[in-house]
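Structure first, commentary second.
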Amino acid sequence: IWCYSGRFVIPLLSALTAHMITVSNILPTCSSTAAASSHCSIAFSVLQDVNCTFITLLIILISLTFVSRTDQIWKLKPRKSWHILCAGLAITLAQFVYLMMKLAVYGAAHISVLTWILYPLALFFTILVNEAIKRQEIKINVRIQKRARLDFGTKLGINSPF
C-alpha cells in the first residue's frame, strides 16, 4: 500500500503548496469594490487553470509509470503502449493549448513565481520518486519469485537463505 500512496505524495503536496502560495499572493489585492472583485475572480480562474494543467500532467506521468510493472520507464516499449502514450500526449497538448490561450488573454501576473518554480520541480521529482518506488517493487517481486522457486520442501528448499 505504501508504494501506491507514495506515488501521489509529491504531486499532492506540490499542488497544495503552489495553490496556497498563489492564493496568499492574490488575497491581499482583493477588496470589496467591483473592480477588485473582478480582478480576484480572473486571478483565481487563471490559478485554477494553471493548477489543473499541472495536476493533469502529474497524473499522466504517474500513469506512465504504471504502464509496465516489471520495467523502468526508460525501458518502456513504445510499440506495446503506443495508445497510452498517444492519449497522454493528446491530453497534455490540449491542456497546454488551453492554458496558453488563457494566459495570453489574462496574463500570468497573478501566479506566483514560486508556483512556476515548484511545478516543474514536482514533475521532475514525481518521475524520480515513482521510478525509485517501482525499482523497489521490482526487487521485492524478484525476491518473492526466488523464494517461491526454492520453497518446494526439499533439502535445498529447507536450507535456503530466505
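What the sequence shown shows, in my numbering, is residues 698 to 859, in sequence order.
Using N, Cα and C, we set each Cβ at its ideal position, and we do this for glycine too.
Because the structure is a prediction, the values reported are computed rather than measured.
- Can you tell which of ALA801, LEU754 and ARG844 has its C-alpha closest to the C-alpha of ILE739? ALA801
- If you run the structure through DSSP and keep just helix, strand and coil, what is VAL695? No answer is possible for residue 695: the residues shown for the chain start at 698 and end at 859.
- Task: Output the distance between the C-alpha atoms of ALA715 and LEU811, rounded to the nearest integer angstrom.
- Result: 7 Å
- Per DSSP, what kind of secondary structure is CYS737 in: helix, strand or coil? helix
- Where in the segment 699–733 do unbroken runs of the alpha helix (DSSP H), each at least 4 residues long, occur, reported from the N-terminal end onward? 699–723
- Item | Whole-Å CB distance - ILE752 paired with PRO708, under 8 Å assumed | 7 Å
- Helix, strand or coil: how does DSSP classify LYS774 here? coil
- Given a threshold of 16 other Cβ atoms within 10 Å of its Cβ, counted over all protein chains shown, does LYS772 qualify as buried or as exposed? exposed
- Item | Exposure of ARG766, with buried meaning 16 or more beta-carbon neighbours within 10 Å | exposed
- Task: Please name the residue, chosen from SER735, PRO725 and LEU786, that lies closest to LEU755 on a Cα-to-Cα basis.
- Result: LEU786
- Message: Using 8 Å as the threshold, is the C-beta distance between ILE808 and VAL747 below it?
- Response: yes
- Starting from the Cα of MET717, find the closest Cα among VAL706, ILE830, ALA731 and GLN745 and give me that residue. GLN745
- Query: Using the beta-carbon count (16 or more within 10 Å), is LEU758 buried or exposed?
  - Reply: buried
- Query: Going straight from the alpha carbon of LEU820 to that of LYS774, what length do you get?
  - Reply: 22 Å
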